[in-house]
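> Pasting a structure here, questions to come.
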Amino acid sequence: MTLASSHTSELPPGKDIKGKLSRDDLMMRGGMIIIALYLVITLAFPLFSMLSKSFSTYRFELSQYEFQVSDEAGVFDGSVLTGAALNAQTEAYADSDLSTGADGRLGVTAFFPEFSFRSPVMYQIRNVAENGRFLVGSTLYDDTAWQTLDSNTFRRVQLRPTKSTGVDNFISYFSTPALFNSIKNSLWIAVLSTVVTVSLAFWFAYALNRSCMRFKGFFRLIAMAPILVPSLLPGIALVYLFGNQGMIKELLFGASIYGPIGIVIGSVFFTFPHAFIIISAALAISDARLYEAATSLRATPWRTFWTVTVPGVRYGLISAAFVVFNLVITDFGLPKVIGGQFNVLAVDIYKQVIGQQNFEMGAVVSVVLVVPAILAFAIDRMVQSKQVALLSARSVPYQPTPNAAADRGFLIYCSLVALFILGMLAVCQFAALVKFWPYDLSLSLNNYQFDKMDGGGWASYFNSIKLALLTAICGTSVVFFGAYLVEKSNGFGAGRAVFQMFAMLPMAIPGMVLGLAYIFFFNNPDNPLNAIYGTMTILVICTVTHFYTVSHLTAMTSLKQMDREFESVSASLKQPTLKLFARVTVPVSLPTVLDISIYLFVNAMTTVSAVVFLYSPKTTLASIAVLNMDDAGDIAPAAAMGMMIFYTNAAARIIHLIASRGILRRTQAWRTR
Amino acid sequence: MTAEQTSGEFYLSIKDLWKAFGTFLALRDISLDIKEGEFICFLGPSGCGKTTLLRAIAGLDLQTRGSITQDGKDVSNLPPSERDFGIVFQSYALFPNLTIEKNIAFGLENAGRSKAEIATRVKDLLKLVGLPDQGKKYPAQLSGGQQQRIALARAIATKPGLLLLDEPLSALDAKVRVHLRHEIKELQRKLGVTTVMVTHDQEEALAMADRIVVMNHGVIEQVGSPTEVYREPSNLFVADFIGEMNQIDSAVANGGRLAIGEDSFACHAHDFSDGAAVVAAIRPEDIIPHEVGYQPESAEQNCIEVLLHEMEFLGSFWRCRLQNDRFGGAELIADFSINAVRRLGLAEGKPMIIELPADRLMAFDRSGES
Ligand SMILES: Nc1ncnc2c1ncn2[C@@H]1O[C@H](COP(=O)(O)OP(=O)(O)OP(=O)(O)O)[C@@H](O)[C@H]1O
Ligand SMILES: [Mg+2]
Numbered sequence: 001m002t003l004a005s006s007h008t009s010e011l012p013p014g015k016d017i018k019g020k021l022s023r024d025d026l027m028m029r030g031g032m033i034i035i036a037l038y039l040v041i042t043l044a045f046p047l048f049s050m051l052s053k054s055f056s057t058y059r060f061e062l063s064q065y066e067f068q069v070s071d072e073a074g075v076f077d078g079s080v081l082t083g084a085a086l087n088a089q090t091e092a093y094a095d096s097d098l099s100t101g102a103d104g105r106l107g108v109t110a111f112f113p114e115f116s117f118r119s120p121v122m123y124q125i126r127n128v129a130e131n132g133r134f135l136v137g138s139t140l141y142d143d144t145a146w147q148t149l150d151s152n153t154f155r156r157v158q159l160r161p162t163k164s165t166g167v168d169n170f171i172s173y174f175s176t177p178a179l180f181n182s183i184k185n186s187l188w189i190a191v192l193s194t195v196v197t198v199s200l201a202f203w204f205a206y207a208l209n210r211s212c213m214r215f216k217g218f219f220r221l222i223a224m225a226p227i228l229v230p231s232l233l234p235g236i237a238l239v240y241l242f243g244n245q246g247m248i249k250e251l252l253f254g255a256s257i258y259g260p261i262g263i264v265i266g267s268v269f270f271t272f273p274h275a276f277i278i279i280s281a282a283l284a285i286s287d288a289r290l291y292e293a294a295t296s297l298r299a300t301p302w303r304t305f306w307t308v309t310v311p312g313v314r315y316g317l318i319s320a321a322f323v324v325f326n327l328v329i330t331d332f333g334l335p336k337v338i339g340g341q342f343n344v345l346a347v348d349i350y351k352q353v354i355g356q357q358n359f360e361m362g363a364v365v366s367v368v369l370v371v372p373a374i375l376a377f378a379i380d381r382m383v384q385s386k387q388v389a390l391l392s393a394r395s396v397p398y399q400p401t402p403n404a405a406a407d408r409g410f411l412i413y414c415s416l417v418a419l420f421i422l423g424m425l426a427v428c429q430f431a432a433l434v435k436f437w438p439y440d441l442s443l444s445l446n447n448y449q450f451d452k453m454d455g456g457g458w459a460s461y462f463n464s465i466k467l468a469l470l471t472a473i474c475g476t477s478v479v480f481f482g483a484y485l486v487e488k489s490n491g492f493g494a495g496r497a498v499f500q501m502f503a504m505l506p507m508a509i510p511g512m513v514l515g516l517a518y519i520f521f522f523n524n525p526d527n528p529l530n531a532i533y534g535t536m537t538i539l540v541i542c543t544v545t546h547f548y549t550v551s552h553l554t555a556m557t558s559l560k561q562m563d564r565e566f567e568s569v570s571a572s573l574k575q576p577t578l579k580l581f582a583r584v585t586v587p588v589s590l591p592t593v594l595d596i597s598i599y600l601f602v603n604a605m606t607t608v609s610a611v612v613f614l615y616s617p618k619t620t621l622a623s624i625a626v627l628n629m630d631d632a633g634d635i636a637p638a639a640a641m642g643m644m645i646f647y648t649n650a651a652a653r654i655i656h657l658i659a660s661r662g663i664l665r666r667t668q669a670w671r672t673r
Numbered sequence: 001m002t003a004e005q006t007s008g009e010f011y012l013s014i015k016d017l018w019k020a021f022g023t024f025l026a027l028r029d030i031s032l033d034i035k036e037g038e039f040i041c042f043l044g045p046s047g048c049g050k051t052t053l054l055r056a057i058a059g060l061d062l063q064t065r066g067s068i069t070q071d072g073k074d075v076s077n078l079p080p081s082e083r084d085f086g087i088v089f090q091s092y093a094l095f096p097n098l099t100i101e102k103n104i105a106f107g108l109e110n111a112g113r114s115k116a117e118i119a120t121r122v123k124d125l126l127k128l129v130g131l132p133d134q135g136k137k138y139p140a141q142l143s144g145g146q147q148q149r150i151a152l153a154r155a156i157a158t159k160p161g162l163l164l165l166d167e168p169l170s171a172l173d174a175k176v177r178v179h180l181r182h183e184i185k186e187l188q189r190k191l192g193v194t195t196v197m198v199t200h201d202q203e204e205a206l207a208m209a210d211r212i213v214v215m216n217h218g219v220i221e222q223v224g225s226p227t228e229v230y231r232e233p234s235n236l237f238v239a240d241f242i243g244e245m246n247q248i249d250s251a252v253a254n255g256g257r258l259a260i261g262e263d264s265f266a267c268h269a270h271d272f273s274d275g276a277a278v279v280a281a282i283r284p285e286d287i288i289p290h291e292v293g294y295q296p297e298s299a300e301q302n303c304i305e306v307l308l309h310e311m312e313f314l315g316s317f318w319r320c321r322l323q324n325d326r327f328g329g330a331e332l333i334a335d336f337s338i339n340a341v342r343r344l345g346l347a348e349g350k351p352m353i354i355e356l357p358a359d360r361l362m363a364f365d366r367s368g369e370s
């Protein structure tokens with residue numbers, strides 16, 4: 001009669017039952033491992049190479065070498081001098097000359113003031129220790145045997161540096177004001193741009209969500225336009241407006257647009273849509289009942305605003321702030337174009353690497369830049385998870401009521417913002433079509449003859465389209481399939497957690513850092529993947545990885561909404577999971593798949609930061625061409641190319657829209673009841 | 001249960017099965033044998049582990065310990081795709097982008113059937129579940145009850161040896177539910193497929209099951225036919241969970257009788273020793289009414305006088321609350337037929353005699369209370 005109490009309540013000892021894996025399980029795990037490996041190779045390894053590079057220092061250790069000099073008859077008297085002693089005698093090299101990079105070489109004839117390559121004097125040189133290295137011509141000697149060389153050969157002797165690991169690079173970074181000042185510059189530019197953008201975007205989003213203003217659709221469209229152009233395009237517009245020969249440079253009252261002012265204005269332009277989307281989403285989910293309560297309590301609009309509206313969107317505001325901060329601090333194109341003498345971290349990386357070929361210092365600056373980027377990213381993630389919790393508790397959507405005065409105010413405000421955005425684009429388009437600013441304002445298409453300029457010509461443009469298409473197709477496939485495997489495979493919890501972590505990582509890594517890391521990793525002759533260096537493949541890989549996270553999250557959100565039991569049903573019917581994936585999952589998620597591909601396409605068209613280190617003469621890109629033509633002083637063609645990117649992206653978006661509608665109508669008949 | 005029997009004569013045998021989620025034990029020491037063609041219901045309160053047990057049988061969530069044998073084959077650690085079952089979920093999990101026909105045909109493909117064969121089978125199945133001309137529609141265009149039948153058709157399309165149903169009716173409204181209950185039962189009988197259904201609706205279980213498995217807190221409390229678990233509950237939990245039960249504190253008096261207040265009553269056989277504190281229990285409908293002045297034939301008839309202090313008309317019977325001071329102040333609930341009430345002239349505030357038939361008065365261990 002007492003059945004319940006007769007049961008023990010301790011799990012009997014023994015091993016947990018291990019399930020036999022089905023073919024599908026194996027396939028899914030295999031797939032996950034492959035995509036995880038892809039992320040490791042295209043992200044973790046390069047970052048690691050970069051990190052280790054930043055801790056590598058190279059130095060000529062003169063005490064590691066010994067020399068002997070003969071008399072004119074070629075007879076050595078047996079006296080041996082170390083390189084260090086010779087340098088002390090002759091003061092040929094200062095201590096700072098001895099610090100170098102991985103490729104450093106140091107001649108030795110300077111140690112011998114009476115050296116002449118025609119002299120019959122003979123020289124001997126050797127390494128003291130086994131790990132010493134010097135070159136004679138292109139032959140490397142790394143043993144301790146004496147090499148006897150005549151004068152003519154001796155001048156071709158070059159010492160090679162010794163690598164050591166340590167924080168020396170960081171010490172020299174932080175003791176060079178020209179370098180570490182950039183930290184301060186970057187931070188305050190980012191903070192200022194964030195404050196301005198978030199404020200502007202908040203009121204814009206507020207007007208669109210909470211007023212009965214007219215032309216909302218139009219304003220929404222305009223707000224998104226900056227996403228379609230590279231971040232350096234507003235810089236070009238600003239040069240035309242406020243530059244040395246600017247149309248309205250008097251408005252700056254003598255201040256220069258080249259520097260913080262230009263960077264902030266341009267940053268506001270290109271980050272505006274990002275802030276707008278986030279804040280708009282936050283405003284859209286707030287609960288009307290709270291407003292009804294506030295009205296019934298006779299709260300003033302001002303009070304309602306501070307006690308209901310702002311707290312309701314606080315997560316949105318915080319998230320938008322960190323996203324904008326991250327975009328600005330990691331952006332390279334804009335400060336490159338309009339920054340003038342004002343140094344910021346992202347440009348420093350470029351200057352160190354491209355300008356000075358100092359890869360180690362480039363790596364150091366990258367590490368410095370990653371810190372705020374990762375922090376901003378982490379905070380944003382935390383905040384976003386709270387926002388989601390808010391969303392699931394959503395209830396009655398808010399319906400704005402007309403208010404003539406307020407609506408007119410909002411309309412004026414939104415028009416001004418729209419004017420700002422459209423104005424920047426219009427200036428670029430105008431500049432592109434004018435013959436020779438500001439002297440000959442007649443229209444021509446001369447600036448579109450890209451083949452006559454630096455930057456790769458029209459080929460760049462077509463390369464960009466190729467890159468964008470490949471990125472959209474490959475990226476969407478990899479990302480969506482990867483997300484599917486993580487979301488729907490059984491067990492393998494640890495593996496899935498690791499995969500998730502890798503998928504989140506790209507978002508935290510600034511493009512410049514990623515690009516530089518790729519140089520270190522892929523441009524290494526010992527790396528079997530070295531072959532893809534300088535090809536379109538590496539550009540595609542880099543771009544897919546760079547924009548992996550947002551795509552992955554989009555896919556995950558959509559997959560999570562799908563019935564978890566589809567896979568169970570399919571398994572019970574003994575159908576392969578891949579069939580389910582192709583027949584059900586993909587068709588049902590088609591809108592999401594298309595969203596991901598257009599996101600990747602547009603970003604591949606506009607990205608500069610990562611690929612700037614990776615393009616080769618055969619794979620120049622439109623966005624890079626804008627940068628290079630601007631650099632070379634061909635600003636009008638740069639603007640023209642920038643606008644080509646804009647029109648291409650706009651066209652892609654329109655095609656995307658039409659395609660989505662068409663495909664939806666054809667394959668998703670089930671959506672309409 | 002019949003743990004000694006060899007699993008050979010059963011279609012499905014579950015042995016010493018445990019399931020742990022971290023430190024939480026969702027299933028504890030479950031053993032159960034199911035005969036071929038049987039309709040089994042897992043019944044229990046929410047969170048008792050019904051779904052967990054069903055998913056273990058399907059291989060969707062493996063048990064932590066224990067074995068499962070299906071059709072003589074040890075399937076304990078096999079993935080779902082290597083077991084033989086069809087399943088219907090509470091959400092139906094119909095593929096929204098495929099037509100009804102394609103949904104049903106999904107499992108028929110890749111098994112060497114020709115297109116024509118598949119089409120015929122789909123047609124037969126649609127007829128079988130009573131939706132012969134809905135094949136071209138999409139799931140969203142059907143009502144909940146229709147979707148449920150399609151899910152069922154898809155699950156039995158491949159003629160699985162075992163049909164698993166997880167609360168298949170709970171998303172439907174009451175009328176449709178009762179109707180489909182019969183249809184599913186009918187279909188199961190026609191196909192003779194061994195079926196396990198999870199439900200927390202006792203009426204559903206009583207109406208459909210050949211045998212009910214009553215579960216609570218991860219253990220099986222009782223296995224038996226609907227009448228068995230209803231009439232002979234093995235403990236207070238089962239007694240209380242299925243149907244209604246008056247519960248009165250009592251003690252076992254000399255000779256196994258139950259002492260309640262100042263009286264002692266003859267009762268159903270039990271194996272408590274004299275003096276044990278137990279709960280006396282009787283179902284409301286088992287109480288027999290008599291008019292005042294009724295003379296019992298013997299003391300074994302358990303007659304007492306009570307005051308009928310409240311009556312509630314529940315359509316097919318009267319629910320009556322009865323009081324007796326000598327009864328330790330306890331209130332009894334009794335269901336009397338309309339007929340009896342009229343015949344005996346029962347009315348609120350009047351005294352009456354009730355009889356507690358000895359074979360319906362049961363004694364339970366108090367600790368079995370949940
Ligand atoms: N994946 C899981 N992780 C942790 N605990 C779980 C998990 N799945 C189920 N449980 C727990 O196991 C217990 C049994 O769950 P189960 O879903 O089997 O209940 P149920 O009897 O089907 O209930 P219901 O009638 O509500 O469906 C519950 O306490 C539940 O919280
Ligand atoms: Mg359940």
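Line by line, the protein sequences are chains X and W.
Under UniProt numbering, the first residue of the first sequence is numbered 1, with each subsequent residue one higher.
Under UniProt numbering, the first residue of the second sequence is numbered 1, with each subsequent residue one higher.
In this text, a Cβ means the ideal position worked out from N, Cα and C, and glycines have one as well.
1) Exposed or buried, which one is residue 460 of chain X when buried takes at least 16 other CB atoms within 10 Å?
2) Identify every residue that forms a DSSP beta bridge with residue 318 of chain W.
3) In chain order, what residues of the same chain lie with their CB nearer than 7 Å to the CB of residue 370 of chain W, ignoring the 5 residues before and after it?
4) With distance defined between alpha-carbon atoms, name the residue in W:67, W:167, W:220 nearest to residue 198 of chain W.
5) In angstroms, rounded to a whole number, what distance separates the CA positions of residue 618 of chain X and residue 221 of chain X?
6) Would you list the residues whose beta-carbon is nearer than 5 Å to any heavy atom of ligand 1, in the order they occur in the chain?
7) State the DSSP-derived secondary structure class of residue 280 of chain X, mapped to helix, strand or coil.
8) Please list the partners that residue 575 of chain X has in chain W, where partner means a Cβ-to-Cβ separation under 9 Å.
9) Under 8 Å by Cβ, that's how I've got residue 322 of chain W and residue 354 of chain W pegged, so tell me the actual separation to the nearest angstrom.
10) Is the closest heavy atom of ligand 3 to the C-beta of residue 567 of chain X under 7 Å?
11) Check whether the stretch 439 to 448 of chain X touches the stretch 509 to 526 of chain X, counting contact only when three or more Cβ pairs, one atom from each stretch, lie closer than 8 Å.
12) If we define contact as Cβ-Cβ less than 8 Å, is residue 595 of chain X a contact residue for chain W?
13) What separation, rounded to the nearest whole angstrom, lies between the Cα atoms of residue 320 of chain X and residue 275 of chain X?
14) Considering Cα atoms alone, identify which of X:597, X:177, X:512, X:149 is closest to residue 121 of chain X.
15) Beta strand (DSSP E) containing residue 294 of chain W: first to last residue?
16) Is residue 306 of chain X buried or exposed, if buried means 16 or more other CB atoms sit within 10 Å of its CB?
17) Helix, strand or coil for residue 130 of chain W per DSSP?
18) Got a sec? Which residues, its chain only, sit under 7 Å from residue 508 of chain X by beta carbon, not counting five neighbours each side?
19) Opposite residue 82 of chain X in the DSSP bridges: which residues?
20) Which of the three DSSP states is assigned to residue 48 of chain W in this structure?
21) According to the Cβ coordinates, are residue 70 of chain W and residue 162 of chain W closer than 8 Å?
22) According to DSSP, residue 211 of chain W sits in a beta bridge with which residue or residues?
23) Per DSSP, what kind of secondary structure is residue 92 of chain W in: helix, strand or coil?
24) Between X:439, X:490, X:267, which has its C-alpha nearest residue 30 of chain X's C-alpha?
25) Please indicate yes or no: does the CB of residue 204 of chain W lie closer than 7 Å to some heavy atom of ligand 2?
By the coordinates alone:
1) Position 460 of the first sequence holds residue 460 of chain X. Buried, since its Cβ has 16 or more Cβ neighbours within 10 Å.
2) Taking the first residue of the second sequence as 1, we reach residue 318 of chain W at position 318. Partner(s): W:313, W:336.
3) Here residue 370 of chain W refers to the residue found at position 370 of the second sequence. With a pLDDT of only 39 at residue 370 of chain W, under the threshold of 50, the placement of this residue in the model should not be trusted; the figure read from the coordinates follows. 216, 237.
4) Sequence index remark: in the second sequence, residue 198 of chain W carries index 198 (1-based). It is W:167.
5) The sequence position of residue 618 of chain X within the first sequence is 618, counting from 1. The sequence position of residue 221 of chain X within the first sequence is 221, counting from 1. Spanning the two alpha carbons is a distance of roughly 36 Å.
6) W:21, W:26, W:46, W:47, W:48, W:49, W:50, W:51, W:52, W:200
7) Translated into positions along the first sequence, residue 280 of chain X becomes position 280. Note: residue 280 of chain X maps to helix in three-state DSSP.
8) Taking the first residue of the first sequence as position 1, residue 575 of chain X is located at position 575. The answer, in chain order, is 81, 106, 107, 109, 110.
9) Taking the first residue of the second sequence as 1, we reach residue 322 of chain W at position 322. Taking the first residue of the second sequence as 1, we reach residue 354 of chain W at position 354. Rounded, the Cβ-Cβ distance is 6 Å, consistent with contact.
10) Annotation note on ligand 3: not contained in the displayed structure, which lists ligand 1 and ligand 2 as its ligands.
11) no
12) The residue you call residue 595 of chain X lines up with position 595 of the first sequence. No, residue 595 of chain X lies away from the interface with chain W (no Cβ there is under 8 Å from its Cβ).
13) Residue numbering aside, residue 320 of chain X sits at position 320 when the first sequence is read from its first letter. Residue numbering aside, residue 275 of chain X sits at position 275 when the first sequence is read from its first letter. Approximately 5 Å, taken between the alpha carbons.
14) Residue numbering aside, residue 121 of chain X sits at position 121 when the first sequence is read from its first letter. Of the listed residues, the one whose Cα sits closest to residue 121 of chain X is X:149.
15) Locating residue 294 of chain W in the second sequence gives position 294, where the first residue counts as 1. Here residue 294 of chain W belongs to no beta strand (DSSP E), and DSSP marks it neither H nor E.
16) For the purposes of this step, residue 306 of chain X is identified with residue 306 of the first sequence, where counting begins at 1. By the neighbour-count rule (16 or more Cβ atoms within 10 Å), residue 306 of chain X is not buried but exposed.
17) Position 130 of the second sequence, counted from the start, is the residue given in the question as residue 130 of chain W. Correct three-state label for residue 130 of chain W: coil.
18) Your numbering for residue 508 of chain X matches position 508 in the first sequence. Closer than 7 Å at the Cβ level, and outside the excluded window around residue 508 of chain X, lie 373, 374, 377.
19) Reading the first sequence from its first residue, position 82 is the one you call residue 82 of chain X. Beta-bridge pairing links residue 82 of chain X to X:66.
20) Taking the first residue of the second sequence as 1, we reach residue 48 of chain W at position 48. Residue state, collapsed to three classes: coil.
21) For the purposes of this step, residue 70 of chain W is identified with residue 70 of the second sequence, where counting begins at 1. For the purposes of this step, residue 162 of chain W is identified with residue 162 of the second sequence, where counting begins at 1. Contact: yes.
22) Numbered from 1 along the second sequence, position 211 holds the residue referred to as residue 211 of chain W. Beta-bridge pairing links residue 211 of chain W to W:40.
23) Here residue 92 of chain W refers to the residue found at position 92 of the second sequence. It is coil, neither helix nor strand.
24) To locate residue 30 of chain X, count along the first sequence from 1; it is residue 30. It is X:490 whose Cα lies nearest to the Cα of residue 30 of chain X.
25) Residue numbering aside, residue 204 of chain W sits at position 204 when the second sequence is read from its first letter. Answer for residue 204 of chain W: no, Cβ out of range of ligand 2.
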